[in-house]
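Visitor: Got a structure for you, written out below as structure tokens; questions coming shortly.
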Amino acid sequence: MHLKKLLLAATASLALLSPAVAQDKEAGTSLLITTGTPTGSWFPTGAAIAELTNAAFSDNPIDVIVGAGSVGNIMHVGAEKSDMGLSYGAFLKLASEGGNAVNPGEPMPQLRSVMSLIPYVLHVIAAEGTDYDDLANLASEKPEIKVGTGVTGATEHFGLELLLQEYGVSLEDIDTWGGSVTQTQTAGRQDGWKNRQFDWVSFMGTVPANNYFELLEVRPSKLISVNDEVREALVSKYGFAQYDVPAGTYPNQDEDWAALGFPMVLFTTADVSEDVVYEMTKRVAEDKERMLKATAAFDAWQPEDMVAALGVDLHPGAAKYYRERGWIE
């Protein structure tokens, strides 16, 4: 059976296994949520959202499909190949504006946010002996550092590029200083770090994550903090979110870590049913236990976080529920 059909069948089975009883009403529409690969956290998150929503309707309106990632999902929904998707608020903001690296084409004003979910934080790890205490020194000192980051379009590459921009540095500058920037997949960065091929390495992930423990322990190193002025600028310009990670969360982390990242955001378009989006929002907000079954990263998530760093305007169905809860005006 084709992978897509298998995944759709699995999602339907999840809905049938739900302990909730479907209400005696129909959505009158069929909607697709585009997520991520079956082995990551995005697909099970989308499946949990579909299960909870389908429990509200007798015609099970939501199906889940694999997606092409944060940028690809936006383009998929924009091209009307699916109705909803998972991405990041910062990418949604840029896609809605158009004419940029995320969306080189026309603006996409039809995009609407539904809810923020688990946060993904930009981890920039620097080896001992490199200048990691103050990124403001980079432009003046021009160190010959070897950097490992993600491929173009990956969130860790996108985040690192915009972060350095705020300090007046580009990735190309690092090459001109005699350093290097290597773009590679996650496994390549991890191996390169362990083999001491990189002085800095960037990843985007949940907090805490076991693989970052290993990277921080395998050689003397530290997470790079970002000053408040730069964090506020990136929040304002691109829809980043600020995260203060308590001391002791990671090895060698003696102080609170001032970090940046993006929450995973469920998004849709303005013409999707207000009733379906309202029920979806309500049921996710009121069943954290089910979301935890999708991924343990929901442990630190709180329902009131659903309105944070969304990137684009709220869908009316979601806004209706949040007003009921007093989370927005």
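With the sequence shown counted from 1, adding 269 to any position gets you the working numbering. Beta carbons: idealized from backbone N, C-alpha and C, even for Gly.
Does the distance from the C-beta atom of Gly-448 to that of Ile-414 stay below 8 Å?
Guide: Numbered from its first residue, the sequence shown carries residue 448 at position 179. Numbered from its first residue, the sequence shown carries residue 414 at position 145. Their beta carbons are under 8 Å apart, which means Gly-448 touches Ile-414 by this criterion.
Visitor: For the beta strand (DSSP E) that His-392 lies in, which residues bound it at each end?
Guide: Within the sequence shown, numbered from 1, the residue matching residue 392 stands at position 123. Start and end: 380-396.
Visitor: Pull the bridge partners of Ala-528 from the DSSP assignment, please.
Guide: As a working mapping, residue 528 is identified with position 259 in the sequence shown. Tyr-512, per the DSSP bridge assignment.
Visitor: Mark Val-420 as exposed unless 16 or more other C-beta atoms lie within 10 angstroms of its C-beta, in which case mark it buried.
Guide: Start at 1 with the first residue of the sequence shown, and residue 420 comes out as number 151. Exposed.
Visitor: Could you tell me which residues DSSP pairs with Tyr-357 in its beta bridges?
Guide: Taking the first residue of the sequence shown as 1, we reach residue 357 at position 88. In DSSP, Tyr-357 forms a bridge with Met-533.
Visitor: Among the residues of its own chain, which have a CB less than 7 Å from the CB of Ala-502, if the five just before and after it don't count?
Guide: In the sequence shown, counting from the first residue as 1, residue 502 sits at position 233. Hits under 7 Å: Glu-435.
Visitor: What did DSSP end up calling Gly-474 once you bin it into helix, strand or coil?
Guide: Working through the sequence shown from its first residue, we reach residue 474 at position 205. In this structure, Gly-474 counts as strand in the three-state DSSP scheme.
Visitor: Which residues does DSSP list as the beta-bridge partners of Gln-452?
Guide: The count along the sequence shown starts at 1 and reaches residue 452 at position 183. Thr-418.
Visitor: Taking the alpha carbon of Glu-441 as the point to measure from, which residue in His-426, Gln-454 and Thr-455 has its own alpha carbon closest?
Guide: Looking up residue 441 in the sequence shown gives position 172. Answer by Cα proximity: His-426.
Visitor: When you compare the CB positions of Ile-331 and Asn-323, do they come within less than 8 Å of one another, or not?
Guide: What you label residue 331 is simply residue 62 of the sequence shown in a count that begins at 1. What you label residue 323 is simply residue 54 of the sequence shown in a count that begins at 1. A contact, by the Cβ cut-off of 8 Å.
Visitor: So what's Ile-334 in DSSP terms, helix, strand or just coil?
Guide: By one-based count along the sequence shown, residue 334 stands at place 65. In this structure, Ile-334 counts as strand in the three-state DSSP scheme.
Visitor: Answer with buried or exposed for Glu-593, where buried requires no fewer than 16 other C-beta atoms within 10 angstroms of its C-beta.
Guide: Translated into positions along the sequence shown, residue 593 becomes position 324. Answer is exposed; the Cβ neighbour count stays below 16.
Visitor: So, at 6 Å on beta carbons, what are the nonlocal neighbours of Thr-451 in its own chain, with the 5 sequence-adjacent residues on each side left out?
Guide: Indexing the sequence shown from 1 puts residue 451 at position 182. Once the five neighbours on either side are set aside, the close Cβ partners of Thr-451 are Gly-417.
Visitor: Going by alpha carbons, who is nearest to Lys-491 out of Asp-568, Ala-395, Ile-302 and Leu-431?
Guide: Along the sequence shown, read from residue 1 onward, the residue named residue 491 stands at position 222. Among Asp-568, Ala-395, Ile-302 and Leu-431, the Cα nearest to that of Lys-491 belongs to Ala-395.
Visitor: Would Pro-605 pass as a contact of Thr-298 if the rule is Cβ separation under 8 Å?
Guide: Here the chain has residues from 270 to 598 only, and residue 605 is not among them.
Visitor: Nearest chain C C-beta to Thr-303 closer than 8 Å, yes or no?
Guide: Among the chains in the structure shown there is no chain C, since it carries only a single protein chain.
Visitor: Helix, strand or coil for Ala-291? Go by DSSP, reduced to three states.
Guide: Locating residue 291 in the sequence shown gives position 22, counting from the first residue. With a pLDDT of 48 at Ala-291, under the threshold of 50, the modelled position of this residue cannot be trusted, and the question is left open.
Visitor: On a CA-only basis, which of Ala-364, Glu-410, Arg-465 and Pro-313 is nearest Glu-397? Give me that one, please.
Guide: Taking the sequence shown and counting its residues from 1, the one referred to as residue 397 is at position 128. Comparing Cα positions, the closest option is Arg-465.
Visitor: Could you pull the start and end residues of the alpha helix (DSSP H) that Ser-505 belongs to?
Guide: If you number the sequence shown from 1, residue 505 lands on position 236. Residues 497-507.
Visitor: Is it buried or exposed for Gly-517, if we count other Cβ within 10 angstroms and need 16 for buried?
Guide: The sequence position of residue 517 within the sequence shown is 248, counting from 1. Gly-517 is exposed by the Cβ-count criterion.
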